[in-house]
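J.: Take a look at this one; I'll ask things after.
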Amino acid sequence: MSRWRKLEEKSERMKWHYHIQFLNNQTRAIFETINEQLELDKARVSAIEQALEADNRNEFIIAVKDNDENPVGLLFITADTPADKVWTIDSFALVPEVQKQGLGRLLNQTIAEWAADSGANALQIKLAKTETEAAAFLTHIGYQVKADAEIVTFQLTV
86 MSRWRKLEEK
96 SERMKWHYHI
106 QFLNNQTRAI
116 FETINEQLEL
126 DKARVSAIEQ
136 ALEADNRNEF
146 IIAVKDNDEN
156 PVGLLFITAD
166 TPADKVWTID
176 SFALVPEVQK
186 QGLGRLLNQT
196 IAEWAADSGA
206 NALQIKLAKT
216 ETEAAAFLTH
226 IGYQVKADAE
236 IVTFQLTV
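Numbering-wise, the sequence shown is residues 86 to 243 according to the numbering used here.
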């Protein structure tokens, strides 16, 4: 069986075990629960809280949940499609128990498809140089380093 076929089958199995929920101010408690598990930095928490309150159509806060409705991940995406055709993933975090199982890759593929369908031509994620594990993951799934500075930008063409 080819490597790609195995990945495809694994992705299909993942879809049966996890689902997403778009968050807003009324579902803030879900964000607070997942934030306790992920321990996001203060700047990211502040940005997500502002987005929850603002209800901006270009910003999406997404909880990833398992079949028991336990939050296991969080995505925060800014979709600037008409302006620069780039979606920015401001936060992409999974609890350690579900990492390295293909879920991150599947979520990224899903986001890339949404972005392409909306007219975007790239996804980007900005990381501090100290976030080496996240940088290795992004490189592994096809992102390219766009700039070399204190904040490193990874970009993926969709």
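Ideal Cβ placement from N, Cα and C applies to all residues, glycine included.
In the DSSP assignment, what are the bridge partners of Y103?
T.: On the sequence shown, position 18 is the one that residue 103 refers to. D151, per the DSSP bridge assignment.
J.: Name the residue from A219, V243, F239 whose alpha carbon lies nearest to the alpha carbon of V180.
T.: As a first step, residue 180 must be located in the sequence shown, where it is residue number 95. Ranking A219, V243, F239 by Cα distance to V180 puts A219 first.
J.: Could you tell me whether the segment 167-176 touches the segment 149-157, where touching means 3 or more Cβ pairs closer than 8 Å?
T.: Flag = no, the segment 167-176 and the segment 149-157 do not touch.
J.: Between the beta-carbon of F222 and the beta-carbon of G187, is there less than 8 Å?
T.: Reading the sequence shown from its first residue, position 137 is the one you call residue 222. Reading the sequence shown from its first residue, position 102 is the one you call residue 187. Contact flag unset, no.
J.: Should I162 and L108 be called a contact, given that it needs their Cβ atoms to be closer than 8 Å?
T.: Residue numbering aside, residue 162 sits at position 77 when the sequence shown is read from its first letter. Residue numbering aside, residue 108 sits at position 23 when the sequence shown is read from its first letter. Cβ atoms of I162 and L108: not closer than 8 Å.
J.: Using a 10 Å radius around the Cβ and a threshold of 16 neighbouring Cβ atoms, would you call D175 buried or exposed?
T.: Within the sequence shown, numbered from 1, the residue matching residue 175 stands at position 90. D175 is buried by the Cβ-count criterion.
J.: Would you mind sorting V243 into buried or exposed? The rule is 16 or more other CB atoms within 10 Å of its CB.
T.: Locating residue 243 in the sequence shown gives position 158, counting from the first residue. The residue in question, V243, is buried, as its Cβ has 16 or more Cβ neighbours within 10 Å.
J.: Taking the alpha-carbon positions, what's the H73 to T195 distance?
T.: Residue 73 falls outside the range modelled here, since the chain spans only 86 to 243, and no answer is possible.
J.: From the DSSP output, which residues share a beta bridge with W172?
T.: Here the question's residue 172 lines up with position 87 in the sequence shown. W172 is bridged to A164, L208.
J.: Smallest Cα separation from A207: which of Q240, V230, K214?
T.: Translated into the one-based positions of the sequence shown, residue 207 becomes position 122. Measuring from the Cα of A207, the nearest candidate turns out to be Q240.
J.: In this structure, does DSSP put G158 in helix, strand or coil?
T.: Stepping through the sequence shown from its first residue, residue 158 is reached at position 73. Here G158 sits in strand by DSSP.
J.: Can you have a look at V149 and say buried or exposed, based on whether 16 or more other CB atoms are within 10 angstroms of its CB?
T.: Here residue 149 refers to the residue found at position 64 when the sequence shown is read from its first residue. By the 10 Å Cβ count, V149 comes out buried.
J.: I133 and F145: beta carbons closer than 8 Å?
T.: Position 48 of the sequence shown, counted from the first residue, corresponds to residue 133. Position 60 of the sequence shown, counted from the first residue, corresponds to residue 145. For I133 and F145, no; Cβs fall outside 8 Å.
J.: At 3 residues or longer, and completely inside the segment 177-202: list those beta strand (DSSP E) runs for me, N to C.
T.: DSSP runs (the beta strand (DSSP E)) wholly in the segment 177-202: none.
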